[in-house]
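In short: position in the sequence shown from 1, add 2, done, that's my numbering.
Notes follow once the structure below has been shown.
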Amino acid sequence: MIKGIYTSASAMRTGIAKQDITANNLANANTTGFKRDRLFVSELIQAGSNPQEQTLMEPVSAARFIEFTPGSMNSTGSEMDFAIQGQGFFEVTGEDGPLYTRNGRFLRNSEGTLVDPLGRAVQGDGGEISLPEGLINVSSTGEISVNGTVIEKLKVVDFESLQLLKKEEGAAFSDNDDKAGLTTLDNAVVRQGFLEASNVETMQEMVEMISTARNYEMNAKMLSTQDQTLQKTVNEIGRL
């Protein structure tokens, strides 16, 4: 019975974590380049030497992971909007090192540097990209031309182990431990005048939120019932 109480309580705790993730996904449904979070839930059983001694030591184990499936490409017509077709990330300069993002909504700052919406410098093959005034054109290979003259190429990278990346502000990711396996993509396809939408499916998230709420309510009722039964058992045994 105590095991049942622990199982229900653990499931409720997991439900709260799942609701937090779902709420954050919904809040970023319109964030360019955002990647939704998911929760992997499993049951772990520790077996003793005797099958009769199997115990559920940690009924529910939950691990958070990022779903990196691409979002849809939306045409904006802006010469300063870019999207990567297929795998890859743009690289920008963060306060604590390089950051990587699928959000290609860039702009030219007052100094002529190409930056992201948070003012972080976008990286090219040769470092920060300085844009002179003029007509900007970016080829499918990421080469940047101003008034017909090629000045730089957008740096596009990828990783061998995406789940080792850490989420940062502005739909960006970091690999401060250099464990994700950074590689440069020389054949990446860049689309000018497009932005990648969030990969959050609003309807699916709403359904999951309702389902999680119902499961939480069910486990709460089970917990209450088991608690009442345990109290009754203890009180009755105490009178014997």
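Note that CB positions come from ideal geometry on N, CA and C, so glycine has one too.
Using 10 angstroms around the beta-carbon of residue i, count the other beta-carbons present and answer buried if the total reaches 16, otherwise exposed.
| i | result |
| --- | --- |
| Ala182 | buried |
| Leu197 | buried |
| Glu162 | exposed |
| Phe108 | buried |
| Arg216 | exposed |
| Val152 | exposed |
| Gln125 | buried |
| Ala49 | Caution is warranted here: a pLDDT of 46 is assigned to Ala49, below 50, making its placement in the model unreliable, and no coordinate value can be reported. |
Give me the residue from the options with the minimum Cα distance to residue i.
| i | options | result |
| --- | --- | --- |
| Leu133 | Phe42, Val148, Val140 | Val148 |
| Glu81 | Glu219, Val192, Ser200 | Val192 |
| Ala85 | Val94, Gly79, Met75, Glu93 | Met75 |
| Asp180 | Asn189, Leu164, Leu187 | Leu164 |
| Ser200 | Leu156, Val209, Ile23, Leu28 | Leu28 |
| Thr115 | Ile131, Val158, Gly150, Leu166 | Ile131 |
Assign residue i to one of three DSSP states: helix, strand, or coil.
| i | result |
| --- | --- |
| Asn217 | helix |
| Thr71 | coil |
| Glu135 | coil |
| Asp22 | helix |
| Val202 | coil |
When you compare the CB positions of residue i and residue j, do they come within less than 8 Å of one another, or not?
| i | j | result |
| --- | --- | --- |
| Gly17 | Thr103 | no |
| Ala173 | Thr71 | no |
| Lys37 | Ile68 | yes |
| Gly195 | Ser112 | no |
| Phe175 | Leu167 | yes |
| Leu41 | Arg66 | yes |
| Thr214 | Thr24 | yes |
From the DSSP output, which residues share a beta bridge with residue i?
| i | result |
| --- | --- |
| Thr143 | Answer by DSSP bridge pairing: none, since Thr143 is not bridged. |
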